[in-house]
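Our numbering applies: residue 6 is where the sequence shown begins, and numbers increase by one. Built from N, CA and C at the ideal position, the CB exists for glycine as well. To start, the structure itself, in structure tokens.
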Amino acid sequence: MQQTSQQQAMLAMLDRAPMGIAHYWLFLLSTGGTMLGGVSVFTLGVALPLLVQSFAINAAMQGLLGAALLAGAVPGAALGGPLADRFGRKPLMLIDTLVMMAGALIAVFAGDATILMLGLFVFGVGVGIDYPVSSTYVAEWMPAAARSRIMVATITFQAVGFMLAAALTAAILAVVDATDAWRGFMATLAALPLLFLLGRLFTPESARWLMSRGRNREAARSIGAVIAADRAKLAEMGAAAAEAVHLVAKTPEAVKSDGIAALFGSAYRRRTWLACVPWFLMDIASYGIGLFTPMLLADLHFGSARSGAVLADFSEIGGSSLIDIFLLVGFLAAFWVIPRYGHLRPQVYGFLGMTAGMLVLVAALWAGGPAHPSVAVIFAGFILFNLAMNVGPHSTTFALPAELFPTQLRGAGSGFASASAKVGAALGAFLLPIVKAEYGLSAVLLLVAGVSLLGALVTAVLVEELGGAASLEQRHGPDAQPAASDGKAALRSA
Numbered sequence: 006m007q008q009t010s011q012q013q014a015m016l017a018m019l020d021r022a023p024m025g026i027a028h029y030w031l032f033l034l035s036t037g038g039t040m041l042g043g044v045s046v047f048t049l050g051v052a053l054p055l056l057v058q059s060f061a062i063n064a065a066m067q068g069l070l071g072a073a074l075l076a077g078a079v080p081g082a083a084l085g086g087p088l089a090d091r092f093g094r095k096p097l098m099l100i101d102t103l104v105m106m107a108g109a110l111i112a113v114f115a116g117d118a119t120i121l122m123l124g125l126f127v128f129g130v131g132v133g134i135d136y137p138v139s140s141t142y143v144a145e146w147m148p149a150a151a152r153s154r155i156m157v158a159t160i161t162f163q164a165v166g167f168m169l170a171a172a173l174t175a176a177i178l179a180v181v182d183a184t185d186a187w188r189g190f191m192a193t194l195a196a197l198p199l200l201f202l203l204g205r206l207f208t209p210e211s212a213r214w215l216m217s218r219g220r221n222r223e224a225a226r227s228i229g230a231v232i233a234a235d236r237a238k239l240a241e242m243g244a245a246a247a248e249a250v251h252l253v254a255k256t257p258e259a260v261k262s263d264g265i266a267a268l269f270g271s272a273y274r275r276r277t278w279l280a281c282v283p284w285f286l287m288d289i290a291s292y293g294i295g296l297f298t299p300m301l302l303a304d305l306h307f308g309s310a311r312s313g314a315v316l317a318d319f320s321e322i323g324g325s326s327l328i329d330i331f332l333l334v335g336f337l338a339a340f341w342v343i344p345r346y347g348h349l350r351p352q353v354y355g356f357l358g359m360t361a362g363m364l365v366l367v368a369a370l371w372a373g374g375p376a377h378p379s380v381a382v383i384f385a386g387f388i389l390f391n392l393a394m395n396v397g398p399h400s401t402t403f404a405l406p407a408e409l410f411p412t413q414l415r416g417a418g419s420g421f422a423s424a425s426a427k428v429g430a431a432l433g434a435f436l437l438p439i440v441k442a443e444y445g446l447s448a449v450l451l452l453v454a455g456v457s458l459l460g461a462l463v464t465a466v467l468v469e470e471l472g473g474a475a476s477l478e479q480r481h482g483p484d485a486q487p488a489a490s491d492g493k494a495a496l497r498s499a
């Protein structure tokens, strides 16, 4: 009993600590996957018109290249989450940066589209590993009062990645007037993970994970490295806790080796669906539109008359980056919205806003015809889509898995949800250019509108099955567990 009280006291210190410099540093180092994911998606979108010239690829191969980057994230996330539950958060955060570097280097020296596809797939594996591990790491270190905002801030760095990629690709195109400029793009994807690797070498392991493994003395040292506390007292608390395992999930000890099975047990099944299905649908829409925004703008005749692939690509970067600014604006708005209204209402209304944005684009296309759409209305539709997505489902679907599951299942739950999302992302990236080639741009926009509307409906239905948004939001926490009295997995703080 004394051991448990010592563990609870250490966790309380984590939850009640004020945000300090160490917290912000850990947060920044945890944004690697989301930021590099954004950089890679934007970079590939800009590279595709150049790759069409370099390798003479058709619409199907364009879709495969986009899908390869995102498909790699599926096994990465599926393996990364459970491995982080077994071996710790920090080792996986180091490994994934090495995987990203390896994939980018393969892409730099690719002699054909097939080798490039392999490099993008490997890079995607690294990003996929990082998504559940970094979100788990952030959730486990941040004070309770700041946790929701910091989780939103983590996914915000995807938009920062878009902005960074826009600047880098524009700079490269400004000095390399050749279709091989895409190799310079890939080189930046090799350099950026190295910076995160160097910073992460000196981060502490998650104290919550250490306590879940009975490594309480190490947990006390980790806490002392992050928060302002009496380290001698922390050492005493860690010693008093000895090797007691801090269990917060009402699941058997076997969960440690079979986390995925536990996610679909009666206690966590509905929560797993809520974490996975809306994120799957969101990524179909998000990546399907986001990856091909430069090409969509070209089809909508954005910009002035162009001469040559490089100048055309440079023009689309300007339009795409202007639109992507509103990704960042949406994320910043989410800092205010989510702490006040929770995760679930913004998710539903955000999906509805995404639907409206796509319908605005369809209306602009039909009203002006494919050759003369209204530029102002086109930008309004894209801006509405990006704002709604990032105030709502893009922020909430990333944050929810880390808050829906307890420490023993957090990596597995976040990993499975992230893997499900990347299946949707790969599906959207593969299908979009094919649908556009076969049925036209209007069909693409209507498809994304339908997927977004389905996301709103699925979220609303699953929330109702879980007992409503209010009960779910009021009882979630970093070590939430299902209530023993019902099968709806209402959340409460441990």
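Let me know the secondary structure DSSP gives residue i once reduced to three states.
| i | result |
| --- | --- |
| Leu88 | helix |
| Val181 | coil |
| His348 | coil |
| Arg21 | helix |
| Gly397 | coil |
| Ile265 | helix |
| Glu248 | coil |
| Leu451 | helix |
| Asn221 | helix |
| Ala499 | Only weak support exists for where Ala499 lies, its pLDDT of 29 falling under 50; the value from the coordinates is given anyway. Coil at Ala499, not helix or strand. |
| Ala237 | helix |
| Met147 | coil |
| Asn63 | coil |
| Ala290 | helix |
| Pro96 | helix |
| Ala272 | coil |
| Glu210 | coil |
| Ile232 | coil |
For residue i versus residue j, is the C-beta spacing smaller than 8 Å?
| i | j | result |
| --- | --- | --- |
| Leu34 | Arg213 | no |
| Gly60 | Asp117 | The identity of residue 60 in the sequence shown is Phe, whereas the question assumes Gly. Yes, the pair counts as a contact, with Cβ atoms nearer than the cut-off. |
| Phe32 | Phe167 | no |
| Leu55 | Ala186 | yes |
| Thr159 | Ser419 | no |
| His28 | Val157 | no |
| Ala78 | Val130 | yes |
| Ile294 | Val456 | no |
| Leu202 | Leu99 | yes |
| Met122 | Ala73 | yes |
| Phe356 | Thr464 | yes |
| Leu246 | Gln12 | The sequence shown places Ala at residue 246, rather than the Leu named in the question. Yes; because the gap between Cβ atoms is below 8 Å, this pair is in contact. |
| Ala422 | Cys281 | yes |
| Arg154 | Pro344 | yes |
| Leu194 | Ala434 | no |
| Gly133 | Pro80 | yes |
| Ser291 | Ala339 | no |
| Leu370 | Ser447 | yes |
| Leu405 | His348 | yes |
| Leu53 | Leu70 | yes |
| Val113 | Ala192 | yes |
Suppose you measure from the CA of residue i to the CA of residue j; what does that come to, to the nearest Å?
| i | j | result |
| --- | --- | --- |
| Ala144 | Asn63 | 43 Å |
| Phe210 | Gly229 | For the sequence presented, residue 210 should be read as Glu rather than Phe. If you take the alpha carbons of Glu210 and Gly229, they lie about 12 Å apart. |
| Ala179 | Ala164 | 23 Å |
| Ala310 | Leu366 | A caution first: Ala310 carries a pLDDT of 42, below 50, which makes its placement in the model too unreliable to give a value. |
| Ile120 | Val334 | 37 Å |
| Pro257 | Ala272 | Interpretation of Pro257 is limited by its pLDDT of 45, a score under 50 that renders its predicted location unreliable; the figure taken from the coordinates is listed afterwards. In a straight line, the C-alpha of Pro257 is about 12 Å away from that of Ala272. |
| Met40 | Tyr136 | 10 Å |
| Ala171 | Phe384 | 18 Å |
| Leu199 | Val250 | 35 Å |
| Ala115 | Gly124 | 8 Å |
| Leu84 | Ser139 | 14 Å |
| Trp146 | Ile289 | 31 Å |
| Phe269 | Leu409 | 14 Å |
| Val51 | Leu286 | 24 Å |
| Gly25 | Phe403 | 24 Å |
| Val181 | Leu173 | 12 Å |
| Val353 | Leu467 | 11 Å |
| Ile265 | Arg415 | 11 Å |
| Glu241 | Ala461 | 50 Å |
| Ala475 | Tyr346 | Below a pLDDT of 50, predicted positions are generally treated as unreliable, and Ala475, at 43, falls in that range; no measurement from the model is reported. |
| Met584 | Pro351 | The structure shown does not extend to residue 584, since the chain is modelled only from 6 to 499, so the question has no answer here. |
| Thr3 | Lys95 | With the chain covering 6 to 499 only, the question about residue 3 has no answer from this structure. |
Is residue i close to the ligand PLP? I mean its beta-carbon at under 7 Å from any heavy atom of the ligand.
| i | result |
| --- | --- |
| Leu125 | With respect to the ligand PLP, the structure offers nothing, as it holds no ligand at all. |
| task | Give a yes or no on contact between the region 87-106 and the region 392-403, applying the rule of three or more CB pairs nearer than 8 Å. | result | With a cut-off of 8 Å, the region 392-403 and the region 87-106 do not count as touching, because too few Cβ pairs lie within range.
Exercise. Are at least three pairs of beta-carbons, each pair with one atom in the region 213-227 and one in the region 423-440, less than 8 Å apart?
Worked result: Too few Cβ pairs lie closer than 8 Å, so no.
Check whether the region 443-455 and the region 88-95 touch, using three or more Cβ-Cβ pairs below 8 Å as the test. With a cut-off of 8 Å on Cβ pairs, the region 443-455 is not in contact with the region 88-95, counting fewer than three such pairs.
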